[in-house]
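Residue numbers (my numbering): 336 to 762.
Using N, Cα and C, we set each Cβ at its ideal position, and we do this for glycine too.
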Amino acid sequence: MPPYTAVDQATHAPTPILHQRPPRNSRLGVTLVGTIALMSAVGPLATDMYLPAFPTMAAELGTDASSVQLTLTTFMIGLALGQLVLGSLSDRIGRRPLLISGAALLVVSSALCAVAPSIGFLMTMRFIQGIASAAGMVLGRAVVADKAEGVRAARIFSILGVIGAISPIVAPILGAVLFASVGWRGVFWAIMVVAILLLAAIISWAAESLPTEHRHRGGVREFGTTARRVLSNREYLGHTITLCFAFGAIFAYVAASPFVLQNVLGFSSTGFSIVFAVNSCGLMAASATSAAIVGRVAPASILRFGVVALVTSTVALALLTTTGLSNSYTVLPLLFVSVASIALIFSNGMVLAIGAIPYASGTASAILGSSQFALGAAVSPLVGLAGENSALPMGLTMAGCGVIACFAHFVIARPAARVTEKEFVSV
Numbered sequence: 336m337p338p339y340t341a342v343d344q345a346t347h348a349p350t351p352i353l354h355q356r357p358p359r360n361s362r363l364g365v366t367l368v369g370t371i372a373l374m375s376a377v378g379p380l381a382t383d384m385y386l387p388a389f390p391t392m393a394a395e396l397g398t399d400a401s402s403v404q405l406t407l408t409t410f411m412i413g414l415a416l417g418q419l420v421l422g423s424l425s426d427r428i429g430r431r432p433l434l435i436s437g438a439a440l441l442v443v444s445s446a447l448c449a450v451a452p453s454i455g456f457l458m459t460m461r462f463i464q465g466i467a468s469a470a471g472m473v474l475g476r477a478v479v480a481d482k483a484e485g486v487r488a489a490r491i492f493s494i495l496g497v498i499g500a501i502s503p504i505v506a507p508i509l510g511a512v513l514f515a516s517v518g519w520r521g522v523f524w525a526i527m528v529v530a531i532l533l534l535a536a537i538i539s540w541a542a543e544s545l546p547t548e549h550r551h552r553g554g555v556r557e558f559g560t561t562a563r564r565v566l567s568n569r570e571y572l573g574h575t576i577t578l579c580f581a582f583g584a585i586f587a588y589v590a591a592s593p594f595v596l597q598n599v600l601g602f603s604s605t606g607f608s609i610v611f612a613v614n615s616c617g618l619m620a621a622s623a624t625s626a627a628i629v630g631r632v633a634p635a636s637i638l639r640f641g642v643v644a645l646v647t648s649t650v651a652l653a654l655l656t657t658t659g660l661s662n663s664y665t666v667l668p669l670l671f672v673s674v675a676s677i678a679l680i681f682s683n684g685m686v687l688a689i690g691a692i693p694y695a696s697g698t699a700s701a702i703l704g705s706s707q708f709a710l711g712a713a714v715s716p717l718v719g720l721a722g723e724n725s726a727l728p729m730g731l732t733m734a735g736c737g738v739i740a741c742f743a744h745f746v747i748a749r750p751a752a753r754v755t756e757k758e759f760v761s762v
């Protein structure tokens with residue numbers, strides 16, 4: 336029997352699995368949802384916890400701001416490559432083995448980041464840490480897709496967004512506390528502890544979610560075939576581009592905010608952490624709202640609102656930074672709206688994108704996740720082009736990403752599939 340086939344129980348004839356939707360008959364319990372949330376939180380924790388220490392790290396390691404920001408870039412590259420490889424590989428060998436291996440690698444790489452003797456060594460370890468973090472992020476989405484669809488999946492993604500939003504709230508505050516008491520190296524020891532907890536949770540509660548009969552059997556050629564099928568789906572492609580550039584906008588904010596808020600707007604490291612936490616609260620509130628209304632309002636409608644909010648706020652921010660009118664009173668509200676809109680885009684765009692490819696959710700999640708973080712890696716150096724004392728690159732980069740996300744949503748994705756509220760509520 337060729338790969339991508341299963342036996343139809345009524346006719347006993349082989350049926351291509353590529354065109355089948357895997358059965359969603361496994362329960363997503365509280366412990367599993369919590370484990371998936373922790374998987375999703377590891378990436379933001381590894382990203383955000385050391386942000387308040389950027390200026391000090393540059394001085395201590397004898398380097399400049401751009402080099403410190405490159406540790407974020409190498410982490411994003413690792414996340415991108417890791418998701419692409421691990422997501423597609425999980426469609427062949429299952430989710431659980433890769434989840435366990437990724438968590439174990441995260442423990443080791445975090446410890447090595449903590450003892451990094453130079454900026455070059457830290458960049459290398461951050462790359463490996465990114466690969467390790469990718470396992471939980473890409474496979475967590477795949478597990479949800481294995482077990483749920485429609486409104487149920489959208490609600491779970493929204494709930495995970497609420498839980499996952501706690502990590503960017505806690506991360507910079509905890510990072511600032513650790514940085515003040517034990518230095519930036521203590522931040523990476525804390526990430527190692529989180530990785531150990533994640534490994535224990537995966538071993539205890541994350542059973543295999545992809546049945547053997549629905550795994551793909553081919554090799555590189557099969558991955559190429561599957562990837563072409565995935566990318567030829569216009570609905571998936573449009574939502575993926577929207578998600579990627581929305582992520583690019585938020586990542587421009589994450590990469591630039593330590594310098595913009597502290598060097599341009601005059602906040603202390605603690606003040607920066609508070610502003611970052613307030614914006615994360617907006618993200619959490621938007622995620623909670625999305626989870627509450629998704630049964631009554633179609634995910635496509637919530638996504639559309641989020642895209643409009645993102646492009647409006649980022650273009651306004653670009654105008655302010657270009658005209659020299661940027662200050663705390665004008666910039667902070669726009670950043671708040673931009674960050675909150677991301678929650679509406681991510682949870683609903685994710686279920687629409689991956690839901691369009693039910694036969695290869697691991698590969699779909701891999702392409703989506705790797706594309707997001709590849710764009711994030713490309714965006715990171717852009718926001719530092721004008722140095723440490725300018726908000727202009729951040730404003731222009733966020734606006735550019737917002738405009739492209741808006742174009743992809745309204746021009747590419749929407750003509751491909753007009754999803755009504757009735758269709759989703761009936762799922």
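With H, G and I counted as helix, E and B as strand and the rest as coil, what does DSSP make of residue i?
| i | result |
| --- | --- |
| Met374 | helix |
| Asn662 | coil |
| Asp426 | helix |
| Phe742 | helix |
| His551 | coil |
| Leu618 | helix |
| Pro693 | helix |
| Val512 | helix |
| Asn683 | helix |
| Gly471 | helix |
| Arg749 | helix |
| Arg563 | helix |
| Gly601 | coil |
| Asn360 | Note that Asn360 scores 45 on pLDDT, short of 50, meaning its location in the model is unreliable; the coordinates nonetheless yield the value given after this. Looking at Asn360 - three-state DSSP - the assignment turns out to be coil, as it is neither helix nor strand. |
| Glu395 | helix |
| Val629 | coil |
| Ala713 | helix |
| Val650 | helix |
| Val529 | helix |
Take residue i as the anchor and find which of the options has the nearest alpha-carbon.
| i | options | result |
| --- | --- | --- |
| Thr812 | Asn568, Val595 and Val377 | For the chain, the structure presents residues 336 to 762; residue 812 sits outside this window and is missing. |
| Leu727 | Val646, Ser682, Ala587 and Ala688 | Ala587 |
| Ala364 | Pro668, Ile428, Gln707 and Ser544 | The sequence as given places Gly at residue 364; Ala does not occur at that position. Considering only alpha carbons, the answer is Ser544. |
| Ile680 | Leu457, Cys448 and Arg639 | Arg639 |
| Ile747 | Ile702, Ile576 and Ala633 | Ile576 |
| Thr658 | Ile637, Ser725 and Arg749 | Ser725 |
| Leu670 | Leu687, Thr647 and Ala691 | Thr647 |
| Val738 | Arg550, Ser604 and Ala581 | Ala581 |
| Ile609 | Pro593, Val718 and Arg520 | Pro593 |
| Ser401 | Leu424, Phe742 and Leu717 | Leu717 |
| Thr698 | Phe514, Gln404, Glu557 and Gly485 | Glu557 |
| Ala415 | Ser706, Tyr664, Leu720 and Leu396 | Ser706 |
| Gly413 | Ser468, Ala541 and Phe745 | Ser468 |
| Asn568 | Val714, Val505 and Arg749 | Arg749 |
| Pro546 | Leu572, Ile435, Pro668 and Lys482 | Lys482 |
| Gly465 | Thr409, Phe389, Pro452 and Ser696 | Thr409 |
| Gly437 | Val528, Ala691 and Leu533 | Leu533 |
Within this structure, are the beta carbons of residue i and residue j separated by less than 9 Å?
| i | j | result |
| --- | --- | --- |
| Thr398 | Ile454 | yes |
| Leu618 | Ile677 | yes |
| Ile508 | Ala612 | yes |
| Val629 | Ala480 | no |
| Ala372 | Ile494 | yes |
| Leu421 | Ala701 | yes |
| Gly518 | Asp383 | no |
| Phe492 | Val674 | no |
| Ala590 | Leu407 | yes |
| Ala621 | Gly369 | no |
| Leu513 | Ala470 | no |
| Phe607 | Pro387 | yes |
| Ala713 | Leu703 | no |
| Ala743 | Leu645 | no |
| Ala451 | Arg520 | yes |
| Ser715 | Met460 | no |
Is residue i buried or exposed, if buried means 16 or more other CB atoms sit within 10 Å of its CB?
| i | result |
| --- | --- |
| Gly601 | exposed |
| Ala525 | buried |
| Ala394 | exposed |
| Pro634 | buried |
| Thr366 | exposed |
| Asn683 | buried |
| Arg559 | In the sequence on display, residue 559 carries Gly and not Arg. By the neighbour-count rule (16 or more Cβ atoms within 10 Å), Gly559 is not buried but exposed. |
| Leu434 | buried |
| Arg668 | The question names Arg, but residue 668 in the sequence shown is Pro. Looking at its Cβ environment, which holds fewer than 16 other Cβ atoms inside 10 Å, Pro668 is exposed. |
| Glu484 | buried |
Please confirm whether residue i has its beta-carbon closer than 9 Å to some beta-carbon of chain D.
| i | result |
| --- | --- |
| Arg476 | No chain D appears in the structure shown, which is made up of a single protein chain. |
Does at least one heavy atom of the ligand COA sit under 8 Å from the Cβ of residue i?
| i | result |
| --- | --- |
| Ala621 | The ligand COA is absent from the structure shown, which contains no ligands of any kind. |
Meets three-Cβ-pair contact criterion under 8 Å: the segment 563-572 and the segment 466-485: No, the segment 563-572 does not touch the segment 466-485.
The segment 640-652 contacting the segment 723-743, beta-carbon criterion three pairs below 8 Å: Output reads yes: the segment 723-743 touches the segment 640-652.
Inter-stretch contact (C-beta, 8 Å, three-pair minimum) for the segment 419-433 and the segment 369-386: No, the segment 419-433 is not in contact with the segment 369-386.
For the pair the segment 577-586 and the segment 440-453, tell me if three or more CB-CB distances fall below 8 Å. No, the segment 577-586 does not touch the segment 440-453.
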